[in-house]
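FYI, our numbering numbers position 354 of the sequence shown as 405, with every residue one higher than the one before it. Glycine is no exception: its CB is placed at the ideal position from the N, C-alpha and C atoms. Owing to the predicted nature of the structure, the values given are computational and were not obtained by experimental measurement. Everything on this sheet refers to the single structure shown next.
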Amino acid sequence: MKSGNVVRQRRDPARWAPWTAALVGLLGVVGVLDAVSPPLRPRLEALTDVLPVLVPQTAGAAVPLGVVLVLLSRGLARRKRRAWIGALATSAGLLVLNGLAHSIGESIAAGVVIVVLLSTHAAFTGRPDPGSRRTVLATCLTSFVLATTVGAASLLADPDAVERLSAPKLFSEVWLGFLGISGPAQFESAQTRQRLETTLLLLGVVVAVATVLVALRTARAPKHQVDAEGERLRSLLAGHRNDSLAYFALRDDKSLIFDPTGTAAIAYRVVAGVSLAGGDPLGDPAGWPGAISAWLAEARGYAWTPGVVGASERAVPSYRAHGLAAIQLGDEAVLDVASFSLAGRSMRGVRQAVRRAERRGNVAQVRRLRDVDRTEVAELSRQVARWRAGQAERGFSMALGRFGDPRDGDAVVVTCRDGSADLVAVLSLVPWNEDGLSLDLMVRSPSAGNGVIEFMVNELVRSAPELGIARVSLNFAVFREVFERGGLAGAGPGLRLWYRMLLWLSRFWQIESLYRANAKYGPAWTPRFVCYPRARDLPRIASATLQAESFVRWPHQRRSGLAVNDVHDAGQSHALHG
């Protein structure tokens, strides 16, 4: 079986996409550098008398084409057909320009790239991302109109520097200038010509860059959740035993894809060209293969990289049967209500924290969200937002991101008030089948005393039987076994190195502290896995996961949110729960 997979990978034309993308990007860089280099100018001057309009500005025209090639290489790396067509046309344009300029080496390079693009066309099958055509057209037209307006204004701003132009000649000068080609305008001096034509060329580059960037950016998935799909998913959650992450499929930013029979589904989100699924497939296990096949087929069609974060041992065989590999990412902490107790030496720290909170007069309430008055829900939401103070919303696979929403009436809310009846902490947990809960939100006031979180968790477990709850999923500990074994005397050198590296990373992402905060409750540990197509896809899936969990945030992603979890008594936000 393994050798068969290797043969298929060798025959897969997609393996050439990264190399082709790199070659196209290199041609773009060389084209720009060659266009602005002084040695090209004498060759152009020798041809000025033969082709007085086109030849003198071929170097300028190569600049936007080179920039476009560099940008298109990004789309080629994602195997987009649109990027392949654009790269082929742009390379042909460079070939023509270099031929006019008698740039033999550059012409050969462009020709080689064209041959490579044609020979690897089978690798570039990705359809444009859903909803991108209108956006690309709108961006192109808007930027073109704005650039034309600015370009025309720059020519008309100094009537003494440029001879009077009719409207057709004015627009001809502007539009040819976008391509780095001289138009019909007559300038009073060479300095004026250079200044204005450089301005027009830069405007043309801006139009090209804006259009290509929008054309290649990842859009939202095609089946974004709507009310009807949400109801279908809720019926799957109610009709089948699902894992602890299933309810988080109802996040508003996730999309759904169903198997042909409608009995199973996968919830996912497209992030940076990765179709990222969270947890196990939903619904009837008999329908899982159909849902996985539909999800993978869609990912192939759009040239997205499929990835799964947080899959359980139950689902891993199904993903593997469809060609995905799996590695353990960490473990989920699950409390068994029947066996949980504060007694014993191992629970001493939690027991003391609970007693400190009780002595301060803290009082906890455990209720279903539907039983909490909407006025109080509004108060809780305001306090949560204030405590978070604009922090990023954490979570994707293990966070819902909409605290207090009436749609989640079965969620359980735990509130804690101090001796003065002031709210000091809030927990929110979503349903896990009919007899479990999964932690969604855990946040406290900066002024809350130590032990508040432990006190609330203990009160939750004490009240769980009245709510029909038998188990509670807390948080997710990344690389738990490394922290448990890496510091032991018998740990090998590789494990010790990995342990020290994780300790260093914990300075930034508090990986170790999250593990310790979970471990003190004495939970059962449930392994969770990452599933991926090829080992080389792991960095890309990891990057997409960090973005989805809001641990890496680009400027356009900075937005406020509510979901933040903390199993630490310090009130800080943590992964992966939020």
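Check: Residue span of the beta strand (DSSP E) that contains G162, given as start and end; Outcome: Counting along the chain, G162 falls outside any beta strand (DSSP E), though it belongs to the alpha helix (DSSP H) covering 155 to 170.
Check: Which of helix, strand or coil DSSP assigns to I136; Outcome: helix
Check: Where V257 sits in the DSSP three-state scheme; Outcome: helix
Check: Nearest neighbour of E484, chosen from A593, A462, I504 [CA to CA]; Outcome: Residue identity differs from the one stated: residue 484 is Asn in this sequence, not Glu. The candidate whose alpha carbon is nearest that of N484 is A462.
Check: Within 8 Å, strictly: CB atoms of L296 and S489; Outcome: yes
Check: Enclosing beta strand (DSSP E) for T312 [first to last residue]; Outcome: From DSSP, T312 is part of no beta strand (DSSP E); its letter is neither H nor E.
Check: Which of helix, strand or coil DSSP assigns to Y370; Outcome: helix
Check: Exposure of Q598, with buried meaning 16 or more beta-carbon neighbours within 10 Å; Outcome: buried
Check: Cutoff 6 Å; reference F309; Cβ partners in own chain excluding five residues on either side; Outcome: A316
Check: Which of helix, strand or coil DSSP assigns to S524; Outcome: strand
Check: Buried or exposed by the 16-neighbour rule on C-beta atoms within 10 Å, applied to L662; Outcome: A query on residue 662 cannot be resolved here, the shown segment of the chain reaching from 52 to 629 and no further.
Check: Separation of L553 from G500, as counted between CA atoms; Outcome: 29 Å
Check: Nearest-angstrom Cβ-Cβ length linking C582 and V367, presumed shorter than 8 Å; Outcome: 7 Å
Check: Distance, M507 Cα to A404 Cα; Outcome: 11 Å
Check: C-alpha gap between A160 and A143, whole angstroms; Outcome: 11 Å
Check: Residue environment, S170, which counts as buried when at least 16 other CB atoms sit within 10 Å; Outcome: exposed
Check: Cβ distance (whole Å) where V388 is taken to contact V523 below 8 Å; Outcome: 7 Å
Check: Contacting residues, own chain, Cβ-Cβ under 7 Å from W70 (five flanking each side not counted); Outcome: none
Check: Same chain, Cβ closer than 8 Å to A350, neighbours up to 5 away in sequence not counted; Outcome: S326, T356, P357
Check: Validate contact between the region 406 to 424 and the region 519 to 533 using beta carbons, cut 8 Å, 3 pairs; Outcome: no
Check: Secondary structure of A450, DSSP reduced to three states; Outcome: coil
Check: Local Cβ density within 10 Å of A68, reported as buried at 16 or more and exposed below that; Outcome: buried
Check: Spatial neighbours of R591 in its chain, beta-carbon cut-off 7 Å, leaving aside the 5 residues before and after; Outcome: V325, T356
Check: Spatial neighbours of G412 in its chain, beta-carbon cut-off 7 Å, leaving aside the 5 residues before and after; Outcome: D469, G470
Check: Inter-residue Cα distance where the pair is V464 and R425; Outcome: 13 Å
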